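Those protein sequences? They're chains A and B, same order as listed. The working numbering numbers the first residue of the first sequence as 83 and each following residue consecutively. The working numbering numbers the first residue of the second sequence as 129 and each following residue consecutively. For every residue, glycine included, the Cβ atom is placed at its ideal position computed from N, Cα and C. Since the model is a prediction, treat every value here as computed from it, not as a measurement. Scroll down for the structure; my scribbles are underneath it.
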Amino acid sequence: MTKLATTKQITLSHIDKTYIVGEKPLHVLNDINLSIEAGEYISIMGPSGSGKSTLLNMIGLLDRVDNGSLVLEHTETSSLTEEQRAKLRRNSLGFIFQNFQLISRLTALENAELPLVLAGIDGSKRSKIVTKLFESLGLADRLQHLPKQLSGGQLQRVAIARAMVMSPKILLADEPTGNLDQKSGKEVVHVLEKLNLQGITLIMVTHDHELGARANRQLKMVDGVIVSDTSTCHEKGTKNEVA
Amino acid sequence: MKWRDSWRFSAQVLLRHKARTALLSFAVAIGVCSVLLLTSVGEGARHYVSKEFASLGSDVLIILPGKKETSGGSIPFYSTTPRDLTIQDAQAIKHLSSVKSVAPVILGTALVSHKNKSREVITIGSTQGFLHVRNLTLSHGRGFSQKSADLAESICIIGAQLKDDLFGRDKAMGQWLKIADRRYRVVGILEKRGESLGLDMSDMVIIPIRSAESLFNSPALFRILVGLKPLQDELVTQQRILSLIKKRHDDEEDITIISQNAMMSSFDKISNFLTIAIGVIASISLVVAGFLIMNVSYISVSKRQQEIGLLKAIGATANEVRIIFLTESALLICLGVCLGLTAGYTLTALFNQFIASFVLIIPWWAALASGLMSFIIGLLFTWLPAAKAASQDPVSAMRGN
């Protein structure tokens, strides 16, 4: 694994991605260039099929780029093996999905500790980490509950706990409030923003303009292209159009 | 991922799908159990026949009149010989240094009767040596003396069954019975023993060799049984007997010598081979169980695509996903093997409890081999579904594609 000297946490240069649908090529990402610094709060918005989830999957190393380069945490990822990519995902990235992606037969505690299990952390240490996280997320009394016994907001908070157990530097959220009612959605966003304030880079894909507007930096995508990259300084109330 | 966590993770899956787990473990258990039961029949048969041979006495040579020859076809036959084996031949063999005892045998069937009861039984003419060579013991009375053999005394030893049939609860010792048209006094009763290689020792009568000569009106011997002294080289003794008889029969080699130990060893080899063959045939059911496991594993992989996708998304390597599925299979097989072994040993114990005449014995290697084979087959047959799971793309898997 080659470590590159760069001040950026994530750098995407000339990224292309094409899927073959039937026999026709579908260009999902076209020449994406993006740099993200540590601790940024970014929302990616755009209509369905604009490529925002694909972009998030590329940054999350869930999918491979066709062309271009993706540097994540000073590591050029295009030359990594599947095993190296999996370990980088495990150690540096946290994922939050719209439909929570919890395993129904496992308790909340067991679901949340899965990345620690994969990393080979001891049971007692795992339990301590998860319990502490659950306390901070208001889930202390839900450790032994199965997913079917939890509300939507609680399920997403368990998923956030799972994303956070490895203390990742980057949190990737794909429509984190998409399956939640307004109140639960607000709670989840509040938790994510709190994590961002602690220095974790938060990249969130959303359809919700109100939610997207809360981010310090808002990317808008249309047809696989970033059409606008807006930085907002909430404290000062200013907006910067960069694209 | 630590092994302990991998086992725990897989155990949770198996506990979650109880019916599937039970059915697949039963499939493996049936395979293991059938291997155990069938090989136990083979091993039991081998043990039974070995015991029968042993009960007839070990270190025994059997001399038959006629030479085993092959002519034309592939089946060996015993040629007829102008010279019969005689009591004198037997007496000459007795003088060899490696020979412990000799029993010349004349065999026939005769009507044996006492009062109004009668029946046709095997009648053996021999000497006291017969009891020694054939490991027979008397429950009552005595054997034949040298004098009784030489003088053709009218005495007999009867089997326990024959005693019960002819005398019932009455005392048989010292009583007279008729064999054909001659009267014999019972001087001994054989101890109860079952059949030995088809010859029911409890349903026969033994008379002195000279008496049998006269009863059947033939001096020709059916066999000469030779008991060897301990630690004697059988082959050397066989050669000595061959040259002795050859000298006595005008330089003609007209006898066949069979070694009981060699027969036993040949039978042992054949029955061992048959037991293994039976085991191999029975293990086909294990292969069938393997196919079942593969089929169900494929279904499991396609049903758990989202889970596989999630595991890969949160950092599971392809190898870790593969290990999760292989561990599940290993646990399932472990359960099946334990069930199969328990069922196999319980069923054989029950059989042995109720049927005493034939003992089922599970060979140690069958238990070991069926367990090992189950693991090898199970893991081999899960390899492809596990590899399919390991190669899943996380994004499409999470979408359930």
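Same chain only: Cβ atoms within 6 angstroms of ALA155/B, ignoring 5 sequence neighbours per side: ALA417, LEU420
Interface flag, GLU448/B vs chain A, CB-CB below 8 angstroms: yes
Bounding residues of the beta strand (DSSP E) (the contiguous stretch that carries LEU284/A): 283-287
Same chain, Cβ closer than 6 angstroms to LEU463/B, neighbours up to 5 away in sequence not counted: SER153
Same chain only: Cβ atoms within 7 angstroms of ALA444/B, ignoring 5 sequence neighbours per side: none
Per-residue DSSP class, three states only, for PRO391/B: Note that residue 391/B corresponds to Met in the displayed sequence, not to Pro. Here MET391/B carries a helix assignment [DSSP, helix/strand/coil].
Cut-off 7 angstroms between Cβ atoms - residues of its own chain near ASP331/B, not counting five sequence neighbours on either side: Excluding positions up to five away in sequence, the list reads VAL249, GLY287, GLN289, LEU290.
Nonlocal neighbours in the same chain, by C-beta distance under 7 angstroms from SER457/B, ignoring five residues either side: ILE421, SER425, GLY506, LEU507, THR510
Every unbroken alpha helix (DSSP H) inside the stretch 234-299 of chain B [4 residues or more]: You should have 256-261, 274-278, 288-295.
Partners in chain A for VAL523/B, counting only beta-carbon separations shorter than 8 angstroms: Ordered by position in chain A, the residues that pass the 8 angstroms Cβ test against VAL523/B are ASN139, LEU144, ASP145.
Where the stretch 433-446 of chain B meets chain A: residues whose CB sits under 9 angstroms from a CB there: GLN434, GLU435, GLY437, LEU438, LEU439, LYS440, ALA441, ILE442, GLY443, ALA444, THR445, ALA446
Residue span of the beta strand (DSSP E) that contains LEU221/A, given as start and end: Careful: LEU221/A lies outside any beta strand (DSSP E) and carries neither H nor E.
Collapsed DSSP secondary structure at SER202/B in the structure displayed: Residue placement at SER202/B is flagged as unreliable, the pLDDT there being 49, under the threshold of 50; a coordinate-derived value is accordingly withheld.
Short Cβ contact (8 angstroms threshold) for GLY539/B with MET301/B: Residue 539/B lies beyond the range of chain B shown here (129 to 529); nothing can be said about it.
Whether ARG174/B touches THR403/B by CB criterion (8 angstroms): yes
Per-residue burial, HIS377/B [other beta carbons within 10 Å of its own, 16 or more giving buried]: buried
Chain A contact for ASP396/B (CB, 8 angstroms cutoff): no
LYS99/A - containing beta strand (DSSP E), residue span: 92-103
Proximity below 8 angstroms, CB of ILE436/B to CB of ALA517/B: Going by C-beta atoms, ILE436/B is nearer than 8 angstroms to ALA517/B.
Beta-carbon proximity list for GLY201/B, same chain, < 8 angstroms, skipping 5 on both sides: In this predicted model, GLY201/B has a pLDDT of only 47, less than 50, meaning its place in the structure is not dependable; the value taken from the coordinates is given anyway. Correct list: empty, nothing qualifies.
Residue-chain proximity (LYS130/B, chain A), Cβ-Cβ < 8 angstroms: yes
Assigned exposure category for LEU143/B - 16 Cβ within 10 Å defines buried: exposed
Interface positions of the stretch 185-205 of chain A facing chain B (Cβ-Cβ less than 9 angstroms), listed along the chain: Within the stretch 185-205 of chain A, the qualifying residues are ILE185, SER186, ARG187, LEU188, GLU192, LEU196, PRO197, VAL199, LEU200, ALA201, GLY202, ILE203, ASP204, GLY205.
Cβ neighbour criterion (16 or more within 10 Å) applied to THR474/B: exposed
Alpha-carbon to alpha-carbon, ASN173/A and LEU198/A: 10 angstroms
Length-filtered (4 minimum) alpha helix (DSSP H) runs lying within the stretch 371-452 of chain B: 388-410, 412-431, 433-441
First and last residue of the uninterrupted beta strand (DSSP E) at SER130/A: Element bounds for SER130/A: n/a, residue is neither H nor E.
Interface residues of chain B facing LYS169/A [CB-CB closer than 8 angstroms]: GLY443, THR445
Buried versus exposed call for ARG208/A [16 or more other C-beta atoms within 10 Å across all chains shown]: buried
PRO358/B in three-state terms, based on DSSP: coil
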